[in-house]
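2 protein chains.
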Amino acid sequence: MAARDAAQNASPATAQAHQSHDHRECIDDALARARDICAARGVQLTPLREKVLQIVWRSHKPVGAYEVLDELSRSHKAARPPTVYRALDFLMSEGLIHKIESLNAYLGCTEAGATHSGQFLICHQCGATEEISDPKLETALDQAAKRAGFVAERKMVEISGLCARCAA
Amino acid sequence: MAARDAAQNASPATAQAHQSHDHRECIDDALARARDICAARGVQLTPLREKVLQIVWRSHKPVGAYEVLDELSRSHKAARPPTVYRALDFLMSEGLIHKIESLNAYLGCTEAGATHSGQFLICHQCGATEEISDPKLETALDQAAKRAGFVAERKMVEISGLCARCAA
DNA sequence: TATGGGGCTGTTATGATGTAACATCTGGCG
DNA sequence: CGCCAGATGTTACATCATAACAGCCCCATA
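Chains as they are written, first to last, in numbering that gives the first Met the number 0: chain A, 0 to 167; chain B, 0 to 167.
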């Protein structure tokens, strides 16, 4: 897997990420799900947007907008920053990707379909970023906000450190 | 207080923030605490760094680095971006301020002295940002990381929504 | 057919945030 | 004095993001 991953993707985004699974399946699943979701909602997952989604999904590392732009430029000469940001904005508004605020980078959403803010474990060694969905954490967030009389809308949780493999 | 706050501070940072308390006390306390902490640690809270800390503390709204720069320039003509970023880096490394990642802005730490990552309630209406320290939330974060075999180093929690006053 | 409106993309320019790299200053210490 | 470390000055640049307007395409409707 690691070899194929490296072969099909020369971008630095995946250079270090731990990939012990068949990542092509991740991509295929994500794209198929995205198509279903957009069709059901009556919004357009255009070829451009799908291509951007595919690029974001090339690894489990958050990808910067300009990295997406570089990659997109190979097949789409006209690509400019607004091209990419507009696609990223669309994908975020449909809950298909997340922005990792602490890295100014974007990551495919593994829970696409359900609207949620996302909770992330970011390894600063290999870059791999795992999205988790912890009900207790969710509850704790809601309780903390409630206690302060605060109406929570977006709840961002980004934990950086070392993933299990890098810590070992 | 609102009147004095407006008078002593023309920066947009405080334009909307709810300030029902004597904010001058906040600033004075924060600066005094910072001096104590730095003295105890044998690190230099230079006049420049103290001035930057004071500017960050002018309100309970996170302040952008270039806003700090504008303000600092009034008294310190030589100020440039690196001047500000170096001071901010120092203040963060000593735990005297926090960076709010979702806003790319900086906020005075109300728990200075104890090393912690900070949990924030960010009102997108008035901009006021409250730092909370919720033990249950802290536990939930640790548990979530542990469950994934992840070694947590920095735990970022930023909840945006409406503060009690703006929601009312 | 025509027409006009909405959604998507192209294009140019610029704004906002952050850092690299090297120079200079200052105070303490052998 | 001579040197070093830490702080600041200074120039240039890298990175991240958006404003504003132009053009295109589909298609609903007259």
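Note that the Cβ used here is the ideal one computed from N, Cα and C, for glycine as well.
May I ask which residues mark the beginning and end of the alpha helix (DSSP H) holding residue 68 of chain B?
That run of the alpha helix (DSSP H) goes 64–74.
If the cut is a Cβ gap below 7 Å, which residues of chain B does residue 131 of chain A touch?
Within chain B, the residues near residue 131 of chain A are 143, 147.
Determine the DSSP secondary structure at residue 79 of chain B, reduced to helix, strand or coil.
Note: residue 79 of chain B maps to coil in three-state DSSP.
Element boundaries [alpha helix (DSSP H), containing residue 145 of chain B]:
Run containing residue 145 of chain B: 134–146, per the alpha helix (DSSP H) assignment.
Is the Cβ of residue 169 of chain A closer than 8 Å to any Cβ of chain B?
There is simply no residue 169 of chain A to check, as chain A begins at 0 and stops at 167 in what is shown.
Counting only Cβ-Cβ distances shorter than 9 Å, please list the residues of the stretch 58–69 of chain B near chain A, keeping chain order.
Within the stretch 58–69 of chain B, no residue qualifies.
Residues of the stretch 32–61 of chain B whose Cβ lies closer than 8 Å to any Cβ of chain A, in chain order
When C-beta distances to chain A are compared with 8 Å, every residue of the stretch 32–61 of chain B stays at or above that value.
Got a sec? Which residues, its chain only, sit under 6 Å from residue 37 of chain B by beta carbon, not counting five neighbours each side?
Within the same chain, residue 37 of chain B has close Cβ partners 44.
Given a threshold of 16 other Cβ atoms within 10 Å of its Cβ, counted over all protein chains shown, does residue 24 of chain B qualify as buried or as exposed?
Under this definition residue 24 of chain B is an exposed residue.
First through last residue of the alpha helix (DSSP H) which encompasses residue 53 of chain A
Taken as a continuous stretch (DSSP letters only), the alpha helix (DSSP H) holding residue 53 of chain A covers 46–55.
Quick one: grab the DSSP three-state call for residue 86 of chain A.
Helix, per DSSP.
Below 8 Å on the Cβ atoms is my contact criterion, and I expect residue 30 of chain B with residue 86 of chain B to pass it. Report the Cβ-Cβ distance as a whole number of Å.
Taking a contact as a CB-CB distance under 8 Å, the pair residue 30 of chain B and residue 86 of chain B does not count as one, their CB atoms being some 14 Å apart.
Contact check, residue 162 of chain B vs residue 108 of chain B under 8 Å by CB: the rounded distance?
Not really, about 19 Å apart at Cβ, beyond 8 Å.
Would you kindly report the start and end of the unbroken alpha helix (DSSP H) that includes residue 25 of chain A?
Where residue 25 of chain A is concerned, the enclosing alpha helix (DSSP H) stretches over 22–40.
Short CB-CB distance (under 8 Å) between residue 110 of chain A and chain B:
Closer than 8 Å: no.
Starting from the C-beta of residue 155 of chain B, find all residues in its chain whose C-beta is less than 8 Å away, skip the five residues before and the five after it, and write them out in chain order.
Sequence-distant Cβ neighbours of residue 155 of chain B in its own chain, meaning closer than 8 Å and more than five residues away, are 100, 116, 117.
CB contact check: residue 156 of chain B to chain A, cutoff 8 Å:
Yes, residue 156 of chain B counts as interfacial toward chain A.
In the DSSP assignment, find the alpha helix (DSSP H) that holds residue 166 of chain B and state where it starts and stops.
In the DSSP annotation of this structure, the continuous segment of the alpha helix (DSSP H) that includes residue 166 of chain B starts and ends at 163–166.
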